[in-house]
Structure formats: C-alpha cells, structure tokens
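K.L.:
I have a structure here, written as structure tokens, and I will follow up with some questions on it.
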Amino acid sequence: FLRGPHVANTKTMEQLRQVASNYDQWITERPVQAKLTTAVSFNLIADAAAQCIAKAKGSDTRGWRVWDKLPPLRLVIWGLLSTPIVDRWLEFLDSTFGLGTDIPTLLKKLSVDQLLFGPFLLALFLVYVGAFDSLTSNFRFQSTFKGLGRSVAQGTLAGIAYWLPVTICMFTVVPLNFRLLLLSVTGLIYNTFLSLWVSGKASGREGEG
Numbered sequence: 512f513l514r515g516p517h518v519a520n521t522k523t524m525e526q527l528r529q530v531a532s533n534y535d536q537w538i539t540e541r542p543v544q545a546k547l548t549t550a551v552s553f554n555l556i557a558d559a560a561a562q563c564i565a566k567a568k569g570s571d572t573r574g575w576r577v578w579d580k581l582p583p584l585r586l587v588i589w590g591l592l593s594t595p596i597v598d599r600w601l602e603f604l605d606s607t608f609g610l611g612t613d614i615p616t617l618l619k620k621l622s623v624d625q626l627l628f629g630p631f632l633l634a635l636f637l638v639y640v641g642a643f644d645s646l647t648s649n650f651r652f653q654s655t656f657k658g659l660g661r662s663v664a665q666g667t668l669a670g671i672a673y674w675l676p677v678t679i680c681m682f683t684v685v686p687l688n689f690r691l692l693l694l695s696v697t698g699l700i701y702n703t704f705l706s707l708w709v710s711g712k713a714s715g716r717e718g719e720g
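Note that the sequence shown covers residues 512 to 720 in our numbering.
Below, the structure written as structure tokens:
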C-alpha cells in the first residue's frame, strides 16, 4: 500500500522529464516555430481566462454563450510580434553582460531589463492595442497617446513586483531553451490582467461614446 503513491510520483516525474526533453529537442531543432507556438498558445489561454473572469464577475453581462473574437486575435498577433523582440533582447543581455549568475551580473541584467526594456515593451503593447482598436472599431489612434506615459509608469511599477522574482529565476536557474516557456507560463497571470485592462478601457470608451 505504501508503494502506490511513490510509484505514481515516480511515473509522473518520468513523464515530466520526457515532456521537457521533447520540448528541448523541439526548440533546438525548430526554434522559431517552438517559440511562436508557445507564446501564442499561452496568450490564447490568458485571453480565455480574462473573458471567464469578466463573465464570472458580471462585468460582461452577455452570458457564457457569447465570446469576443477580437481580443484573442489581438493577443495572438501581439505574441507573433513581441516574441522575436523578447528573444533578441534576452540574447542581447547575455552577450552584453554574460551568462554568469554572480550578484553584479545579475543586478546589471535586472536593472536594464526592468527599468528600460519593461517600460518600452509595455508602451509598445499599448500603442499596438491602440492601432488594433483603431482598425477594428471607431477608436481614434491619436487618443492612444493621451495619458500613455502615466499608464506605462503605473503598469511598470505594478509589473516589477511580479516580474522581478521571475526574472531572477530565469537568469539563475532556468536553462536557455526554457526561458521563453517560463515567461509564457508566468505571463498567463500578467497577460490575463492586461487583457482585462485593455478590454475595460475599450468598454469605457464605448460607454462614453
């Protein structure tokens, strides 16, 4: 009776190691396909979670049979656009500061990543959302830049507390081929929040209109 749970745990660990090995092989042999598929898949899950939360909270009163198609499309395109940028950025950090995990190297990477790249990527996302909404609704693209700096500052401060531990883990213990996977998995919560945020702003604009 005592061997049952142990055998099950061992089998589960073997399965996880096999999945990790398969993913490592996939991202080694077809890096572009693997990275884009990973990012897009988790972005779709994040948007589905955001729509579920909105319906559960009652902010979306249209019922569970009605689902927006534009928000997931918006995140899919964003995943395709942002993944190469993030990937190149990580390569830049490694080539500039090295792969060391000592405190000075880690502090340099964290500072540049959180204080420079983080705000840049958030600003790029908000501008992209404005462009997408202007093409799919009556939203005026010029309005994107109204309060953009404040939104980026608020989003960056809120995001640092979440992303700092993730980034430390990524630069110290996560193998290179699994960095994007870590960012995609941990980004589920953050991207769900972003999806709720931009959808809320869009609803606010429609209400004002």
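From the three backbone atoms N, C-alpha and C, an ideal C-beta is built for every residue, glycine too.
If you drop the 5 nearest sequence neighbours on each side, which residues of the same chain put their C-beta closer than 6 angstroms to that of A560?
P.N.:
These residues qualify, in order along the chain: T703.
K.L.:
What residue range does the alpha helix (DSSP H) around P686 cover?
P.N.:
It is not in any alpha helix (DSSP H) - P686 carries neither H nor E in the DSSP assignment.
K.L.:
Let me know if M524 comes out buried or exposed under the rule of 16 or more other beta-carbons within 10 Å of its beta-carbon.
P.N.:
Exposed.
K.L.:
For A669, is the classification buried or exposed, using 16 other Cβ atoms within 10 angstroms of its Cβ as the cut-off for buried?
P.N.:
That one is exposed.
K.L.:
What do you get for V709, buried or exposed, if any count of 16 or more other CB atoms within 10 angstroms of its CB means buried?
P.N.:
V709 is buried by the Cβ-count criterion.
K.L.:
In three-state terms, what does DSSP make of W600?
P.N.:
In this structure, W600 counts as helix in the three-state DSSP scheme.
K.L.:
For N554, report the span of its alpha helix (DSSP H) as first-last.
P.N.:
Taken as a continuous stretch (DSSP letters only), the alpha helix (DSSP H) holding N554 covers 542-568.
K.L.:
Within the same chain, show all residues whose beta-carbon is closer than 6 angstroms to that of L604, passing over the 5 residues directly before and after it, in chain order.
P.N.:
Only K620 meet the Cβ criterion.
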